[in-house]
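S.K.:
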Amino acid sequence: MALLLALVTGLSVWGVFTGIRVYRAEAVLPDDLALALEVGVTRTGPVDSLVDRLGMRYAPAVLRLMGPGTVARYRRRIDLAGNPGGLTIDRYAARRAVYGFLGAVGGLVFLTRGQYIVALLLFAFGMFWTEVGIWSAVRIRKDVIERTLPDFLDVLAVVVSAGLGFRQALDRVASRYEGPWADELRITLRQMDLGMSRRQAFAELRRRNDSEQVAMFVTALQQGEELGAPIVDTLVALAKDMRRTDAQNARRKAARAVPKATMMITTFMVPATMILLGAGLILGSGVDFGSLTGK
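Start counting the sequence shown at 104; every next residue gets the next number (the working numbering).
Written out as structure tokens, the structure is:
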């Protein structure tokens, strides 16, 4: 009897798992959902992957509410951010739906309880949390590219002067680098392998990066190609100009930081120090405040 019961139980469990496997094999996911799940598993964290799964069904509605112009603008911003964590416009809409819902529900709950500051923070979270991540990724990526580019140009000039063609030298140097600039170069090289002209591929490189130094690099290459200027001299001069620009930007940032630091000191530290010194002098003087007030 026990053997028969164990056999029936085993067949039941086997049937359940078989049914689940057949269901999953026959289920056809939409393309955007399949892309989101694939990228979410491989490149993003568990929280963002869960948010993408929850909100992907609402992504088309969010995109319709945004309108074509806004969708194009946000797609451009995601490209400038370098698609952090495999972010796409569909995944952005999914996260916008989930975070917006959580922020709205949480804000309403605390609003009914009279906690207006917490409710305001939750509303702001629902509206701007996804944008904060994209803005931060754009800024960090731009800084990394602009720090990498001058050294990259020096190495590229050395490799080109050694006798390699520009296309081969670009591929060789890009393979030695890591980070957003190396990713951009690999995309550009891949586009040229697929038949895109070098001029158009570098124009796409400039479009994907909102960086003045990248624009200088692409413009110098295109002008050198048109005028027949030596590519090595162009790269060396461009690297020197970029370092000079970096130094000027650093001096401007330092000049802007001095008034900010002075304002913070005069606004907060000086009054606090005066209050602390005054309180110490009064307490240390042994004055009887009770006699002054008549108590």
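By construction, the Cβ of each residue, glycine as well, lies at the ideal position given by its N, Cα and C atoms.
All figures in this text were calculated on a predicted structure; none of them were measured in a lab.
Leaving aside the five residues before and after R275 along the sequence, list all residues of the same chain whose C-beta is less than 8 Å from its C-beta, in chain order.
M.R.: Cβ within range, chain order: V262 and L267.
S.K.: With distance defined between alpha-carbon atoms, name the residue in R180, F231 and P253 nearest to L341.
M.R.: Here the closest residue by C-alpha is P253.
S.K.: Is the CB-CB distance between L205 and F213 below 8 Å?
M.R.: Contact: no.
S.K.: May I have a chain-ordered list of the alpha helix (DSSP H) segments no shorter than 4 residues that lie completely inside the region 293-332?
M.R.: As far as the region 293-332 is concerned, its whole alpha helix (DSSP H) runs of at least 4 residues are 301-311 and 315-330.
S.K.: So, with DSSP's three-state summary, where would you put A222?
M.R.: Three-state result, A222: helix.
S.K.: Under DSSP, the alpha helix (DSSP H) around N352 begins and ends at which residues?
M.R.: N352 -> alpha helix (DSSP H) spans I334 to M367.
S.K.: Excluding the 5 residues preceding and the 5 following N186 in the sequence, name in chain order all residues of the same chain whose CB lies nearer than 8 Å to its CB.
M.R.: No residues qualify anywhere along the chain.
S.K.: Can you tell me the Cα-Cα spacing of A364 and L380, whole angstroms?
M.R.: A364 and L380: Cα-Cα distance of roughly 22 Å.
S.K.: Go to P149, then tell me how far its alpha helix (DSSP H) extends in each direction, as first and last residue.
M.R.: Here the alpha helix (DSSP H) through P149 covers P149 to G158.
S.K.: Note down, one range per segment and in chain order, each alpha helix (DSSP H) of at least 4 residues found wholly within the region 162-219.
M.R.: Correct list: 162-183 and 192-215.
S.K.: How far does the alpha helix (DSSP H) with L267 in it extend, from its first residue to its last?
M.R.: Neither: L267 is in no alpha helix (DSSP H) and is coded neither H nor E.
S.K.: Between the Cα of N312 and the Cα atoms of R178, R194, E328 and L157, which residue gives the shortest distance?
M.R.: Nearest option by C-alpha distance: R178.
S.K.: Where Q303 and L288 are concerned, what is the direct C-alpha to C-alpha distance, given to the nearest angstrom?
M.R.: Using only the alpha carbons, I get a separation of about 13 Å.
S.K.: Spatial neighbours of L384 within its chain, please: C-beta separation below 8 Å, excluding the five flanking residues on both sides.
M.R.: Cβ neighbours of L384 beyond the five flanking positions: none.
S.K.: Can you list, in chain order, the residues of its chain whose CB lies under 7 Å from that of A272, leaving out five sequence neighbours each side?
M.R.: Here the set comprises L259, V262 and V263.
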